Each structure stands twice: as structure tokens, then as C-alpha cells.
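There are 4 protein chains.
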Amino acid sequence: MNESRRSERARTAILTATGELIAELPYPKLTVEAIAARAGVGKQTIYRWWPSRGAVVLDAMLERDAPAELPDTGDLRADLRPLLRGAVAALTDPVADGFLRAMYVEIQQDPALAREYRERLLLPQRAAVAARLAGALPPGADTELAVDLLLGPVQMRWALGLGGLTAEYADAALEAALAFLLPE
Amino acid sequence: MNESRRSERARTAILTATGELIAELPYPKLTVEAIAARAGVGKQTIYRWWPSRGAVVLDAMLERDAPAELPDTGDLRADLRPLLRGAVAALTDPVADGFLRAMYVEIQQDPALAREYRERLLLPQRAAVAARLAGALPPGADTELAVDLLLGPVQMRWALGLGGLTAEYADAALEAALAFLLPE
Amino acid sequence: MNESRRSERARTAILTATGELIAELPYPKLTVEAIAARAGVGKQTIYRWWPSRGAVVLDAMLERDAPAELPDTGDLRADLRPLLRGAVAALTDPVADGFLRAMYVEIQQDPALAREYRERLLLPQRAAVAARLAGALPPGADTELAVDLLLGPVQMRWALGLGGLTAEYADAALEAALAFLLPE
Amino acid sequence: MNESRRSERARTAILTATGELIAELPYPKLTVEAIAARAGVGKQTIYRWWPSRGAVVLDAMLERDAPAELPDTGDLRADLRPLLRGAVAALTDPVADGFLRAMYVEIQQDPALAREYRERLLLPQRAAVAARLAGALPPGADTELAVDLLLGPVQMRWALGLGGLTAEYADAALEAALAFLLPE
DNA sequence: ATGTAATCGAGACGGTACGTCACGTCTTGTT
DNA sequence: AACAAGACGTGACGTACCGTCTCGATTACAT
Chain L
1 MNESRRSERA RTAILTATGE LIAELPYPKL TVEAIAARAG VGKQTIYRWW PSRGAVVLDA
61 MLERDAPAEL PDTGDLRADL RPLLRGAVAA LTDPVADGFL RAMYVEIQQD PALAREYRER
121 LLLPQRAAVA ARLAGALPPG ADTELAVDLL LGPVQMRWAL GLGGLTAEYA DAALEAALAF
181 LLPE
Chain H
1001 MNESRRSERA RTAILTATGE LIAELPYPKL TVEAIAARAG VGKQTIYRWW PSRGAVVLDA
1061 MLERDAPAEL PDTGDLRADL RPLLRGAVAA LTDPVADGFL RAMYVEIQQD PALAREYRER
1121 LLLPQRAAVA ARLAGALPPG ADTELAVDLL LGPVQMRWAL GLGGLTAEYA DAALEAALAF
1181 LLPE
Chain W
2001 MNESRRSERA RTAILTATGE LIAELPYPKL TVEAIAARAG VGKQTIYRWW PSRGAVVLDA
2061 MLERDAPAEL PDTGDLRADL RPLLRGAVAA LTDPVADGFL RAMYVEIQQD PALAREYRER
2121 LLLPQRAAVA ARLAGALPPG ADTELAVDLL LGPVQMRWAL GLGGLTAEYA DAALEAALAF
2181 LLPE
Chain E
3001 MNESRRSERA RTAILTATGE LIAELPYPKL TVEAIAARAG VGKQTIYRWW PSRGAVVLDA
3061 MLERDAPAEL PDTGDLRADL RPLLRGAVAA LTDPVADGFL RAMYVEIQQD PALAREYRER
3121 LLLPQRAAVA ARLAGALPPG ADTELAVDLL LGPVQMRWAL GLGGLTAEYA DAALEAALAF
3181 LLPE
């Protein structure tokens, strides 16, 4: 597919419309037709450039926030605290929450999209965390497991709708993980 | 609705058919019509007793496995190890994996169903774990957070398709959590 | 089927409800379930005694008006005028109109019911007219055709919704037919 | 609705399928789904262009036969005889009979469709007859009534399933009407 | 007068069709 | 060639009724 002729106007309108509708509608009503109508675009223009609704959502998500880097002040606790607090803040924000729930729905049903999501969004985010952890952990420690331990609790509470996603919980989860990350 | 006239035959056929189809079909093809056809039942009989496809899936899931209790041998590590190994085993089994992914899809889109799922399946399971933890943890510890720390890593790897769900990972995750659960 | 045990209460309620609903609802909404609900009767009680909705309507119709006899004053014109005027009056009355349109719908689709309708309602009515005509017509005249000529115009205008069903039209149609019925 | 994009292929297939099914099936089985299936067309394509099953049937009918004109040889009897004979022939033909009974069912239940039927099919046919009658009748005669008198008998026998629809009956009905149409 | 069997109100059941929605493909001009 | 527009074949939705089938509860007849 020759992308040189692609209309940037249409691409932007589609991703913008998707973001707006994610915030406005329950996810099952976020149809391709709704996106096309809101974007003032033909359905074919969507299907020409994306294989599925989920792929559009993923691109719309990527358009919003690039994976950030973690600071390294030497104080792991201090460096990680904003990470976890930021996570609960994002999972509490209606738009970010909407995007993430949408992605969760899609990746459970579409392995190809799951792969895309992992490689373009998830793994870079985890790599940034892992990079910061790597230096601080005892040699031989399993960095991947460390990331899981750090983020798993917050992610689980959010995914299962268990509530309690506050800054206090973020700090407590951090302390719990640090028992493993920084023994003694 | 008077349930006394309800056909046990139809109810069982519906839940059984749902379980079979979960194992056979990609989830988006698990339609109410497919369930009705497989069960030899009219669609109305499904809609009469369940408000949505997700509610049927939840009941089919509950029909399969009741929440189990945890043993208490006094050795927390020994008692928890089969729990985590069992979790990765279940998340690796095609049928249980299919059911769980289905529930994940549904609860992200239907808060009422999410509530049902939590109260009837999730919280009892967590309560069983929490009960075993309660006695072993230092006084004042946050039992809920302890459960999150224990199960979060496994759950996250599964939900995001990160792979690596082996018995070894289960054991490693347990050890990591124990750093917090059993300090020293 | 032993009719001795039949509940007269239920039978009356069904036929009454049918008449009420014919007047209240567009015919496609006159369902067996609606009749049963209005009559406070189980559906089975209807199906036990009537083979179809149309049969119920026919019985409800017969319950309302028995075929009348025609007077014979010796003056054919004077004897027939109230017949035709009565016809347009009935076809203009909402309830009678509703019943008749219902029967028209049913007999076009159900030959067995059409036969019932003819034998129990239509032919007796026509026979009454024919009896009055028989004496007045010239010998050898086709009485059946005479009845058709007399009633056909009014029936056609009504069945096809052509309008113009007034007492004046009734009289004019009578005069037109009399040109054949009473030559000279 | 912009008709320029309408698929002539689909339109033709739908009307053809309707005609075939009218001849093959009892009318209550002539469902929109059956038409769509036979025509190889989506249901929505039918609902996009017609408001109801009856409207499709009307269009299918109009596709078959345009209202013809009556000859004027100066001999009214000779000009009308083929009209009535043609009418009984049509009402005896299974396909034409099927179409007409279908229309009768529909127009009794749907006033809007009845209006369509009248204006697009019935009134033009009647106007053709009226035009031929107008010149032949005595001045001041009611042409509409004349048409009713001519066609009413045949129509009534057909609508009520009274039988006897033969060429002989057509001729006899013509003679009876002529007693009024051509006095003396 | 009393058991017993048919009828009753109620409504669940397996079905069929409804009319609608959205899918992903296609066709038709326009830019 | 990509675009906006939207018709197309397809398939599922959730609802309405169909005619049949259980369920007790209630008659009314035959013992």
C-alpha cells in the first residue's frame, strides 16, 4: 500500500474521533461506522489503513502518550513512587481508563492485535521500568519478575474493578514490592 | 419471575453448550444464537433467564468450579505454592483460559456483570486466600494488599499475554511475595 | 371432545374480548395471546376449542348478529332499500367494519375457514335475499346473479376502500340493479 | 433517499422472487426473509426501499401487468365482453389470483398501502373502463356506479370464494349490467 | 359425598420471523 | 489513487407470537 497518497487530514480526524468517542460512549457502541461518521470520513478510508477497530484504538492511544523514561536519582523508592502514583491516576482518569479497557477487550480476542499492543506500547513501558530497576537490584535478580511485582497489584485491582485505586494504595503497593526489590 | 416452572433440562443444556463453545470457537463467535442452537433451545429461553451473553458465561463458569478452600499446615510457603501453581495451570488450560478471557471481555464492558463476577466468584476466591494469610501476617498488615501482591504478577502476565506462565514462574512469584509476607 | 365440561364463562369471555380488541387494535395486533390476556384465560383454552384465530373471530361475529329475514310487502324496491342502506351503515360502523375486514383477511388465507364463513354466515344471508327476489323476478332469471348485482357494487367499494358509502349511494345502487331485476 | 445508487439487479431479483413465491407458497409463508433468501439479497436491502411486505407485493404486481386500455368499436357489449371474460380468467389463474388475494389481505390491514394500491393500480384500471363507458351512457349517468355495477358481481364472487367464475358467468353479469347501462 | 378426570389460568418451552444494527466489501462520482 | 458517501450481502441482535407442553387448582360427573 502506497502511503504517500494517504490523507493526513483523514488519519488525524479518525484518531481524534476515536478518542472522543471512547470518552463518550460505552465501548460496544464505538463502532467503525460511528468513528467514520464523527470523523467525516468514509468507512473505506478506515478499512484501507487499519485491519480492525482495535488497531484504530491502539493507534489513537499511541497518538496520545508516548512511553516516558524514568528518572534515576539514585533513590529507587523516590523514583518509583511517581510511577505508581501516575499509574493509579491514569487508571482513574475516564479517558485513559476508557482506552485501556478498550485495549483489554480487544487483546483478549485478537492475538495479532495483542502482539502489536505488547510490542508498541507495553514492552517499551516495561523496558523503561526494567532499566531503572536493573541497576538497583541485587545481581542475578529477575528483572521481569520485579516489574510484575511492582505493577501487578495495581493492574489487577483495576482490571477486576476491585476499587481502592488511590495514591495511598500506590504507595503501599510500592512498599510491599520494595520488600523484595530492596531486601533488608 | 417464578423459577419453579423453570426447566432444569434447558438450564443445564445451555450452560453445557456454553462451555463447549467457549472451547471450540473464538469468543466473538460465541453468540447467543450459537448457544441456543447447540443446546437445542429457543433463544427466548436464554433471554428469559439471563440478561446477556456474559451472564450466561458467568453461570457456566460457576457451574464448573466452586471456589476451593486453602489448607493450613502452618507452613505458609508450602500452603501457597499449590495455589500459585494451580493458577498458572488453570490459565494455561484452554478451557479455563477461554472462560476467563471471556469474562475479562465482558466485565470491561458491563459494570453490572462485573459486580456479579466479583461477588459470586472473585471475592470468595480472594477471601479464601485472605483467610489463610490473615493468621500468618504480622499484625496490622494489609491483607488485601497481600493478596494483590501474591496474585497480581501471575494475573498480569496472563492478562497481557506476556507469556512465561510456568510452575517455575509461580514459585518465583511466590518467593517474591513472601519477601513482604514473611519479612526476614 | 366432550363439550359438556366446557366453561361457558371462558367461552363468553373469549368472544367478548375478541370483539373489544377488534375495535381497539389494528388487526395484526389481535393476537391469540392478546385475546387470552384480555379474557383472563389461558391460551390453551382457546386452542382447545378453536383451530385458529380466524375461527374465534368468526364465532365472535356470529355471537353478535344473526342473519335477519327480509320483509315481503309486495314492493320489491321498498323491501330492498333498507337492506342496502343497512349494508352501508354496517360497513361504515367501526366495529362491524373491523370484524368484516378481519374475516376478509382470514378467508383469503385459510380455505377451510372460508368455507365455514360461507356456510354459517354468508350463504344464509344471501339465501334470505334470494328468497325475497325469487318471487319478484321473471321466471327463468338467475337469482344468484341477481344477488351479486344487488350487493356487488356496495361490497366492492367497501373492500377496495373506494369510499362513497352513503345512503344515497345505496339507493342509487339499488336503482341500477332494479333495471335488471324489474325490467321495464 | 438517493435512488441513483440503487442496485437494479437487487430490485429485479426481489420482485421476481416475490412473484415466484406468491405462486409457490401460502401467503402467510411469504415472509420478507423468504423473499430475501430467494432473491439472494440481504433483508436490509428490502427494508431500505420498501416499508413493508405488502409494498413489495404491490410493486411486483405492477411490474407484471400495466393497466390496459379498452377498445372502442362503437359496440359497447362487444367491447366490454372481453373485459369481463378477462377478469374471470385472471381471477382463475393461480398467479394472478395469488397476487390479488395477497393485496386484499394487505390493504385490509394497512390503509397507507391501500391508498397506494388504489392510486397506482385500481383507479387507473377503473378510469380506463369509465372512459369507455362515458360516451355510451345516457347523459347524467353516474359513471362510477356503472363501473361498480359492471365489476362488482365478479369481484364479489371471487373475494368471497363463491365459485362459479366462468366465461358464461362473465357474459351473464355483463348482460345484467347492460340492463342499466343501455336501457331499452 | 366423594374420588377422579377433564378443564381451567398461567406461563415456560422450541421455534420462526420480525425489523434493526454493524460488519467488511463494493461501487460511484469528486478531489 | 485516495477520498466521502453509502448500497450491498451477511449474520446476529433482542422481541413478539406461534402452537405445544407442563404445572397445580378447580370443577362437575360417576360412583
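Residue numbers (the working numbering), protein chains in the order written: chain L, 1 to 184; chain H, 1001 to 1184; chain W, 2001 to 2184; chain E, 3001 to 3184.
Idealized CB from N, CA, C, for every residue including glycine.
This one's a predicted model, so the numbers in the text were calculated from it and none came from an experiment.
### Task
From the DSSP output, in three-state form, read off Asp-262 of chain L for me.
This structure cannot speak to residue 262 of chain L, because chain L is shown only from 1 to 184.
### Task
Starting from the beta carbon of Arg-3157 of chain E, find every residue of chain W whose beta carbon is closer than 7 Å, and list them in chain order.
Walking along the fourth sequence from the start, residue 3157 of chain E turns up at place 157. Under the 7 Å cutoff, chain W gives Asp-2148.
### Task
Tell me, please, whether the CB atom of Ala-2167 of chain W is closer than 9 Å to any CB atom in chain E?
Along the third sequence, one-based indexing puts residue 2167 of chain W at 167. So, not an interface residue.
### Message
If I follow the unbroken alpha helix (DSSP H) through Trp-3049 of chain E, where does it start and stop?
### Response
One-based indexing of the fourth sequence puts residue 3049 of chain E at position 49. Segment 3043-3049, the alpha helix (DSSP H) holding Trp-3049 of chain E.
### Where Pro-3183 of chain E sits in the DSSP three-state scheme
Counting from one through the fourth sequence, the residue named residue 3183 of chain E turns up at place 183. Residue state, collapsed to three classes: coil.
### Sufficient close CB pairs (3 or more, under 8 Å) joining the segment 154-170 of chain L to the segment 1099-1113 of chain H
Touching, yes.
### Task
In the DSSP assignment, find the alpha helix (DSSP H) that holds Leu-3149 of chain E and state where it starts and stops.
In the fourth sequence, residue 3149 of chain E corresponds to position 149, counting from 1. Boundaries of the alpha helix (DSSP H) harbouring Leu-3149 of chain E: 3143-3159, taken from the DSSP string.
### Task
Answer with buried or exposed for Leu-2182 of chain W, where buried requires no fewer than 16 other C-beta atoms within 10 angstroms of its C-beta.
One-based indexing of the third sequence puts residue 2182 of chain W at position 182. The residue is exposed, with fewer than 16 neighbouring Cβ atoms inside 10 Å.
### Message
With the cut-off set at 9 Å, would you say Val-1067 of chain H and Leu-1121 of chain H are in Cβ contact?
### Response
Locating residue 1067 of chain H in the second sequence gives position 67, where the first residue counts as 1. Locating residue 1121 of chain H in the second sequence gives position 121, where the first residue counts as 1. It is Pro, not Val, that sits at residue 1067 of chain H in the sequence shown. With contacts defined as CB atoms closer than 9 Å, Pro-1067 of chain H and Leu-1121 of chain H qualify as a contacting pair.
### Task
Classify Thr-1012 of chain H as helix, strand or coil using the three-state DSSP reduction.
Counting from one through the second sequence, the residue named residue 1012 of chain H turns up at place 12. Three-state DSSP puts Thr-1012 of chain H in a helix.
### Query
Within 9 Å (strictly less), CB to CB, does Glu-119 of chain L reach chain H?
Residue mapping note: residue 119 of chain L aligns to position 119 of the first sequence, counting from 1. No, because no Cβ of chain H sits closer than 9 Å to the Cβ of Glu-119 of chain L.
#### Entry: Neighbourhood of Arg-1132 of chain H by C-beta distance below 7 Å, restricted to the same chain and skipping five residues each side
Residue numbering aside, residue 1132 of chain H sits at position 132 when the second sequence is read from its first letter. If we look at Arg-1132 of chain H and ignore the five residues flanking it on each side, its Cβ neighbours are Leu-1070, Asp-1072, Asp-1079.
### Query
By Cβ distance, which residues of its chain are closer than 8 Å to Arg-6 of chain L, with the 5 residues on each side in sequence left out?
Stepping through the first sequence from its first residue, residue 6 of chain L is reached at position 6. Spatial neighbours of Arg-6 of chain L in its own chain (CB-CB distance under 8 Å, excluding positions within 5 residues in sequence) are listed in chain order as Trp-49.
### Task
Tell me whether Pro-3139 of chain E sits in a helix, a strand or coil according to DSSP, three-state version.
Position 139 of the fourth sequence, counted from the start, is the residue given in the question as residue 3139 of chain E. Pro-3139 of chain E falls in the coil class under three-state DSSP.
### Message
So with CB distances below 9 Å, who are the chain W contacts of Gly-3086 of chain E?
### Response
Counting from one through the fourth sequence, the residue named residue 3086 of chain E turns up at place 86. Under the 9 Å cutoff, chain W gives no residues; its nearest Cβ is about 17 Å from Gly-3086 of chain E.
### Sequence-distant residues of the same chain with beta carbon closer than 8 Å to Thr-92 of chain L, five excluded per side
Within the first sequence, the letter at position 92 stands for residue 92 of chain L. Beyond the five residues adjoining it in sequence on each side, Thr-92 of chain L comes within less than 8 Å, by CB distance, of Leu-165 in the same chain, given in chain order.
### Task
List the residues of chain E whose Cβ lies closer than 7 Å to the Cβ of Val-2105 of chain W, in chain order.
The sequence position of residue 2105 of chain W within the third sequence is 105, counting from 1. What Val-2105 of chain W touches in chain E: Val-3105, Gln-3108, Gln-3109.
### Local conformation of Ala-3131 of chain E per DSSP, three classes
Within the fourth sequence, residue 3131 of chain E is the residue found at index 131, counting from 1. Correct three-state label for Ala-3131 of chain E: helix.
### Query
Are three or more beta carbon pairs between the segment 2146-2158 of chain W and the segment 3166-3177 of chain E nearer than 8 Å?
In short, these stretches touch, since the Cβ pair count reaches three.
### Message
With a threshold of 9 Å between beta-carbons, can Val-57 of chain L be considered close to chain H, or not?
### Response
Start at 1 with the first residue of the first sequence, and residue 57 of chain L comes out as number 57. So no, Val-57 of chain L is outside the interface.
#### Entry: Option in H:Ala-1173, H:Ala-1010, H:Met-1156, H:Glu-1144 with minimal Cα separation from Thr-1060 of chain H
Within the second sequence, the letter at position 60 stands for residue 1060 of chain H. The question names Thr, but residue 1060 of chain H is Ala in the sequence shown. Selected option, being the one with the closest Cα: H:Ala-1010.
### Query
Taking C-beta to C-beta, are Ala-3055 of chain E and Ala-3170 of chain E nearer than 9 Å?
Mapped onto the fourth sequence, residue 3055 of chain E falls at position 55. Mapped onto the fourth sequence, residue 3170 of chain E falls at position 170. The answer is no: Cβ separation not under 9 Å.
### Message
What does the Cβ neighbour count give for Thr-3031 of chain E, buried or exposed, with the cut at 16 atoms within 10 Å?
### Response
As a position in the fourth sequence, residue 3031 of chain E is number 31, starting the count at 1. Exposed.
### Task
Indicate whether at least one CB of chain E lies closer than 9 Å to the CB of Pro-2051 of chain W.
In the third sequence, counting from the first residue as 1, residue 2051 of chain W sits at position 51. Chain E contact via Cβ: absent.
### Extent of the continuous alpha helix (DSSP H) to which Pro-111 of chain L belongs
Position 111 of the first sequence, counted from the start, is the residue given in the question as residue 111 of chain L. Here the alpha helix (DSSP H) through Pro-111 of chain L covers 111-117.
### Query
If you compare alpha carbons, which of H:Thr-1045, H:Thr-1016, H:Ala-1017 is closest to Glu-1003 of chain H?
For the purposes of this step, residue 1003 of chain H is identified with residue 3 of the second sequence, where counting begins at 1. Closest option to Glu-1003 of chain H, Cα to Cα, is H:Thr-1045.
### Task
May I ask you to report which of helix, strand or coil DSSP gives Pro-1026 of chain H?
Stepping through the second sequence from its first residue, residue 1026 of chain H is reached at position 26. Coil, per DSSP.
### Query
Any idea if Lys-2029 of chain W is buried or exposed, counting beta-carbon neighbours within 10 angstroms, 16 or more meaning buried?
Here residue 2029 of chain W refers to the residue found at position 29 when the third sequence is read from its first residue. Of the residues assessed, Lys-2029 of chain W falls on the exposed side of the cut-off, its CB having fewer than 16 other CB atoms within 10 angstroms.
### Query
What number of angstroms, rounded off, separates the C-alpha of Glu-119 of chain L from the C-alpha of Pro-153 of chain L?
To locate residue 119 of chain L, count along the first sequence from 1; it is residue 119. To locate residue 153 of chain L, count along the first sequence from 1; it is residue 153. In a straight line, the C-alpha of Glu-119 of chain L is about 22 Å away from that of Pro-153 of chain L.
#### Entry: Separation of Ala-3090 of chain E from Leu-3100 of chain E, as counted between CA atoms
Along the fourth sequence, read from residue 1 onward, the residue named residue 3100 of chain E stands at position 100. Along the fourth sequence, read from residue 1 onward, the residue named residue 3090 of chain E stands at position 90. Going by the C-alpha atoms only, they are around 10 Å apart.
### Message
Give me the chain L residues within the contact set of Arg-1188 of chain H, using Cβ-Cβ distance strictly less than 8 Å, ordered along the chain.
### Response
No answer is possible for residue 1188 of chain H: the residues shown for chain H start at 1001 and end at 1184.
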